[in-house]
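See below for the structure under consideration.
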Amino acid sequence: QEDEDACSDYGSRDKPGTTLGRTVPDGNVLFPEIFHTDHLLFYERFKAYQDYILADCKASEVKEFTAEYLEKVLEPSGWQAVWRTNVFEVLVEVVGMEYSALKAVVQLGDPFLCESQSSTFTLECMQELLKLKEHQIPLQELWVVYDESGEFDQTALAVEHVRFFYQCIWRTWDEEEEDDFDYFVRCVEPRLRLHYDILEHRVPSALVAEYQNLLSQCEELYRKFLDVRNSISSSDSDSEVENVSMVEGLKLYEKLEHLKQKLKLIENPLLRYVFGYQKYSGLQAKGLRQTGTKITHVVSSTMMASQLQSLIRDKLSPESCSEELEIQFHSDPLAAVNACYEGDTVIICPGHYVVDGVFCIADSVNIEGYGLPDDIVIEKQGEGDHFVDCTGANVRISSLKLVQHDAVEGILNIHQGKTTLENCVLQCETTGITVRTSAELLMKYSDLYGAKGAGVEIYPGSTCTLLDNGIHHCKEGILIKNFLDEHCDIPRITMVNNMIHNNEGYGVILVRPAVHSDVKDASAEKTQGIFLFLFLNCIMHHQISNFFNIYIDFSEINFQNWGFLKDELATEEYCDGTACVEGFRPEQIPECITDELELCEQAEISQKTEDNSEITKELGATSAKKSQMHKKRLSELGITEADDNVMSQEMFVSIVGNQFKWNGKGSFGTFLF
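With the UniProt record's numbering applied, the sequence shown covers 1 to 673.
Take a look at the structure:
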């Protein structure tokens with residue numbers, strides 16, 4: 001109980017002594033020590049914002065709720081703080097509060113302590129600056145000076161909560177969001193979770209960079225939008241210039257909304273992995289060696305003489321090769337792959353290899369294990385985004401076991417080119433294999449398990465062939481990304497004789513928009529007309545704030561199951577139960593029950609066929625819908641004649657002989673967004 005109270009924003013008032021740490025400010029000036037509060041845990045901040053500060057407030061009420069919280073916990077005066085800006089730090093004493101403005105009334109501390117990048121910040125200069133600011137400083141710019149009595153613990157925590165909120169959670173456009181939702185649930189919680197996921201290295205670095213870039217773009221666009229809006233609101237004329245500004249304002253607003261939706265996708269812990277991202281650091285292929293030679297790299301930490309003889313006989317002898325081989329020996333598989341050029345081969349001998357790095361395969365190379373996959377284990381240690389990245393035109397990996405730990409990316413990412421995976425075992429950590437747009441995967445006779453996301457993620461425009469594999473004990477078996485967008489190409493998918501079982505969700509799941517495109521197009525056109533009318537109407541009457549209150553957000557996420565198939569277990573349990581009815585021996589089973597057993601066997605075969613055909617049907621229907629959308633867009637552009645072979649390029653799907661067993665939500669489902 002004491003630990004909980006120590007973290008509570010009200011828990012330490014009656015306890016002697018501080019419960020917080022302290023730290024010495026950086027720099028040359030000997031400032032007093034300050035409270036160390038920027039290390040708070042996720043649940044400490046979560047509890048403070050949910051229970052004490054924001055509760056169920058709306059976006060427009062955030063400042064009011066925060067001020068009420070500060071009035072309850074903040075010492076109104078009698079404490080010191082270091083006032084920090086980008087150009088100086090100075091010691092001040094708090095003599096009052098302006099709660100509604102979230103500001104403290106301060107005066108310079110005694111003695112005068114100041115550190116700056118310029119010598120111009122003298123005592124007189126700082127006094128003049130404070131006078132211009134009416135001695136009021138935003139709380140987020142103050143770091144409370146340490147006091148071991150514990151009297152100012154809650155003050156230090158309150159200032160930290162305000163500072164963190166406005167630095168990491170609040171967005172300048174939040175107040176203009178619709179007010180019909182709980183701000184904490186809609187914005188604070190997902191942004192707070194994302195912040196800690198980034199701190200704890202659970203988000204790929206490329207996605208973090210993308211998020212920061214989107215934030216910067218949003219802030220810049222919002223500033224431009226405000227400038228345009230203010231220029232229209234302050235003008236009384238009905239000139240052509242004002243009309244141009246209206247159109248410019250609408251365009252900026254639409255761009256801003258688009259970027260905000262992208263931010264929300266990344267902030268949502270589920271959707272950031274469902275939709276993923278396309279960016280990756282381009283890998284540069286080396287090409288052929290200048291001499292034109294191709295080298296065989298042999299990897300082994302130690303080797304018995306008999307094993308070497310077998311290796312020479314099977315892989316390295318003149319009889320097994322068409323030409324003289326040049327051989328290099330390595331003890332580390334990562335070093336061997338890094339030494340490869342176009343056309344090289346890496347042979348990995350039995351052993352357990354622990355690597356701390358990323359396999360970046362940009363050339364056409366062949367990596368094969370010499371033995372059974374369970375005898376040739378490559379284990380990833382240390383934190384990192386990636387394990388194996390492939391961009392080579394023709395990469396082949398066979399007879400290996402890959403084991404992944406502490407990862408934020410999938411075990412194998414195919415960005416471009418073709419990768420063949422044969423007779424491999426993949427023990428995953430996050431997602432399994434990702435087949436990016438324009439990439440190709442041929443996976444056969446392999447076993448994949450343990451992914452906290454999907455075992456295989458198939459992007460639009462990719463080619464994925466899965467033959468005789470096992471995909472099991474993942475969050476989802478196979479996830480097919482949305483390809484209905486006009487910029488996305490249709491994937492080509494072949495699945496034959498795979499065993500997809502014991503996954504938490506679906507065996508196969510398709511991600512696509514919730515609204516059928518024809519309905520969506522019609523509603524979008526209508527919405528745009530209303531949107532423009534409201535925008536212009538509000539502008540003409542200088543009621544821009546009313547416009548934002550009217551705007552409706554259509555981005556609500558829905559989840560709907562499609563083709564929810566009967567559970568395969570139902571038939572099997574029924575059959576088993578019938579065959580083991582107490583008091584009957586097999587030869588005594590009545591004819592009616594024998595008929596039931598035959599029906600069960602037929603039902604099991606029928607169920608297997610139904611699963612495959614249901615998936616084929618749904619994917620085919622979705623690709624046909626995309627073809628219709630494409631025809632409609634061409635028609636709108638005035639193109640009435642087109643090559644039907646190009647126009648109707650539906651998804652190539654061959655789904656035959658696959659078995660779906662014991663998947664938590666069924667064989668096939670659709671995630672609608």
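Note that the Cβ used here is the ideal one computed from N, Cα and C, for glycine as well. From a predicted model like this one, the values you see are computed outputs, not experimental measurements.
Within 10 angstroms of the Cβ of residue 304, are there 16 or more other Cβ atoms? Answer buried if so, exposed if not. One-based indexing of the sequence shown puts residue 304 at position 304. Exposed is the call here.
According to DSSP, is residue 197 part of a helix, a strand, or is it coil? As a working mapping, residue 197 is identified with position 197 in the sequence shown. Residue 197 falls in the helix class under three-state DSSP.
Among 48, 293 and 215, the one whose alpha carbon lies nearest that of residue 261: The sequence position of residue 261 within the sequence shown is 261, counting from 1. Among 48, 293 and 215, the Cα nearest to that of residue 261 belongs to 215.
Are the CB atoms of residue 389 and residue 413 nearer to each other than 8 Å? On the sequence shown, position 389 is the one that residue 389 refers to. On the sequence shown, position 413 is the one that residue 413 refers to. Closer than 8 Å, so yes.
Do residue 144 and residue 83 come within 8 Å of each other at the CB atom, strictly closer than that value? As a working mapping, residue 83 is identified with position 83 in the sequence shown. As a working mapping, residue 144 is identified with position 144 in the sequence shown. The criterion of a C-beta distance shorter than 8 Å is not satisfied by residue 83 and residue 144.
Which stretch, first to last residue, makes up the beta strand (DSSP E) that contains residue 360? Along the sequence shown, one-based indexing puts residue 360 at 360. Note, residue 360: beta strand (DSSP E), 359 to 361.
With DSSP collapsed to three states, give me the class of residue 50. Reading the sequence shown from its first residue, position 50 is the one you call residue 50. Helix, per DSSP.
Residue 288 versus residue 343 - alpha carbon distance: If you number the sequence shown from 1, residue 288 lands on position 288. If you number the sequence shown from 1, residue 343 lands on position 343. When rounded, the distance between both Cα atoms is 7 Å.
Around the C-beta of residue 669, are 16 or more other C-beta atoms found within 10 angstroms, so that it is buried, or is it exposed? Position 669 of the sequence shown, counting from 1, holds the residue named residue 669. Result: buried.
With a 10 Å radius around its C-beta and 16 neighbouring C-beta atoms as the bar for buried, classify residue 654 as buried or exposed. In the sequence shown, residue 654 corresponds to position 654, counting from 1. With fewer than 16 other Cβ atoms within 10 Å, it is exposed.
Check this for me: beta carbons of residue 31 and residue 157, under 8 Å apart or not? In the sequence shown, residue 31 corresponds to position 31, counting from 1. In the sequence shown, residue 157 corresponds to position 157, counting from 1. Not in contact: residue 31 and residue 157 (Cβ atoms no closer than 8 Å).
Span separating the alpha-carbon of residue 615 from that of residue 666: The residue you call residue 615 lines up with position 615 of the sequence shown. The residue you call residue 666 lines up with position 666 of the sequence shown. In this structure, the alpha-carbon of residue 615 lies about 12 Å from that of residue 666.
Could you tell me if residue 660 is buried or exposed, where buried requires 16 or more neighbouring beta carbons within 10 angstroms of its beta carbon? As a working note, residue 660 is residue 660 in the sequence shown. Residue 660 is buried by the Cβ-count criterion.
Use the C-beta contact count for residue 718: other C-beta atoms within 10 angstroms, 16 or more gives buried, fewer gives exposed. The shown model of the chain, from 1 to 673, leaves out residue 718, and the question about it has no answer.
Out of 416, 391 and 368, point me to the one whose CA is closest to residue 402's CA. Taking the sequence shown and counting its residues from 1, the one referred to as residue 402 is at position 402. The option with the nearest alpha carbon to residue 402 is 368.
Report buried or exposed for residue 111, applying the criterion of at least 16 other Cβ atoms within 10 angstroms of its Cβ. For the purposes of this step, residue 111 is identified with residue 111 of the sequence shown, where counting begins at 1. Classification for residue 111: exposed.
So is residue 583 buried or exposed if we call it buried at 16+ other beta carbons inside 10 Å? Indexing the sequence shown from 1 puts residue 583 at position 583. Low confidence applies here, because residue 583 scores a pLDDT of 30, under 50, leaving its location unreliable and the question unanswered by this model.
Should the segment 471 to 482 be regarded as contacting the segment 450 to 462, the criterion being three or more beta carbon pairs within less than 8 Å? yes
Do you know how far the Cα of residue 119 is from the Cα of residue 65? In the sequence shown, the residue the question calls residue 65 occupies position 65. In the sequence shown, the residue the question calls residue 119 occupies position 119. About 40 Å.
Count the other C-beta atoms from every protein chain shown that fall within 10 angstroms of the C-beta of residue 674, then say buried if there are 16 or more, exposed otherwise. Residue 674 falls outside the range modelled here, since the chain spans only 1 to 673, and no answer is possible.
Length of the line joining the Cα atoms of residue 152 and residue 75: As a position in the sequence shown, residue 152 is number 152, starting the count at 1. As a position in the sequence shown, residue 75 is number 75, starting the count at 1. So the alpha carbons of these two residues sit roughly 7 Å apart.
CA-CA distance, residue 557 and residue 510? Residue numbering aside, residue 557 sits at position 557 when the sequence shown is read from its first letter. Residue numbering aside, residue 510 sits at position 510 when the sequence shown is read from its first letter. The pLDDT assigned to residue 557 is 36, lower than 50, so where the model puts this residue is not dependable; a value taken from the coordinates is nonetheless given after this. Approximately 15 Å between the Cα atoms of the pair.
Return the chain-ordered list of same chain residues with a C-beta closer than 6 Å to the C-beta of residue 466, the five sequence neighbours on each side being excluded. Taking the sequence shown and counting its residues from 1, the one referred to as residue 466 is at position 466. Answer for residue 466: 443, 495 and 498, listed in chain order.
For the beta strand (DSSP E) containing residue 328, name the first residue and the last one. As a working note, residue 328 is residue 328 in the sequence shown. Here the beta strand (DSSP E) through residue 328 covers 326 to 330.
Leaving out the 5 sequence neighbours to the left and right, which residues in its chain are closer than 7 Å to residue 187 when beta-carbon positions are compared? As a working note, residue 187 is residue 187 in the sequence shown. Closer than 7 Å at Cβ, skipping near neighbours: 174.
Kindly indicate which three-state DSSP category residue 161 falls into: helix, strand or coil? Stepping through the sequence shown from its first residue, residue 161 is reached at position 161. Residue 161 falls in the helix class under three-state DSSP.
Based on the DSSP secondary-structure assignment, which residues constitute the bridge partners of residue 114? Counting from one through the sequence shown, the residue named residue 114 turns up at place 114. Note: residue 114 sits in a beta bridge opposite 90.
Would the beta-carbon of residue 428 fall within 8 Å of that of residue 393? For the purposes of this step, residue 428 is taken as residue 428 along the sequence shown, with counting starting at 1. For the purposes of this step, residue 393 is taken as residue 393 along the sequence shown, with counting starting at 1. No, the Cβ-Cβ distance between residue 428 and residue 393 is not below 8 Å.
Distance, Cα to Cα, residue 36 vs residue 85? Locating residue 36 in the sequence shown gives position 36, where the first residue counts as 1. Locating residue 85 in the sequence shown gives position 85, where the first residue counts as 1. Distance from the CA atom of residue 36 to the CA atom of residue 85, rounded to whole angstroms, is 18 Å.
Let's test the definition: count the other Cβ atoms within 10 Å of the Cβ of residue 663 and tell me whether it reaches 16, buried, or not, exposed. Residue numbering aside, residue 663 sits at position 663 when the sequence shown is read from its first letter. With 16 or more other Cβ atoms within 10 Å, it is buried.
As a quick exercise: from 409, 172, 167 and 132, pick the residue whose alpha carbon is nearest that of residue 195. As a working mapping, residue 195 is identified with position 195 in the sequence shown. With distances taken between Cα atoms, residue 195 lies closest to 167.
Is residue 380 buried or exposed, if buried means 16 or more other CB atoms sit within 10 Å of its CB? Walking along the sequence shown from the start, residue 380 turns up at place 380. Buried, by the Cβ-count rule.
Given a cut-off of 8 Å, decide if residue 89 and residue 71 are closer than it, judged by their beta-carbon atoms. Taking the first residue of the sequence shown as position 1, residue 71 is located at position 71. Taking the first residue of the sequence shown as position 1, residue 89 is located at position 89. Not a contact, by the Cβ cut-off of 8 Å.
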